[in-house]
C-alpha cells in the first residue's frame, strides 16, 4: 500500500465514524420523541 492509499483509508474511516455518530443522534432523537408521544 502506498502512503496515499493509507491516507485515503484514514479519511474513509473518519467519514464512516461521522456517519455513525449522525445516525446515532437521529435514532436517539426519534426514539425520545416517540417515547414522549407514547407517554402522553
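Numbering (our numbering), first residue to last: 16 to 55. Even for Gly, the Cβ is constructed at its ideal location relative to N, Cα and C.
Could you check the C-alpha separation between residue 26 and residue 41 for me, to the nearest Å? About 23 angstroms.
From residue 52 to residue 37, what does the alpha carbon distance come to, in whole angstroms? Their Cα atoms are separated by approximately 23 angstroms.
Just to confirm the assignment, what range does the alpha helix (DSSP H) spanning residue 27 have? Its alpha helix (DSSP H) spans residues 18 to 54.
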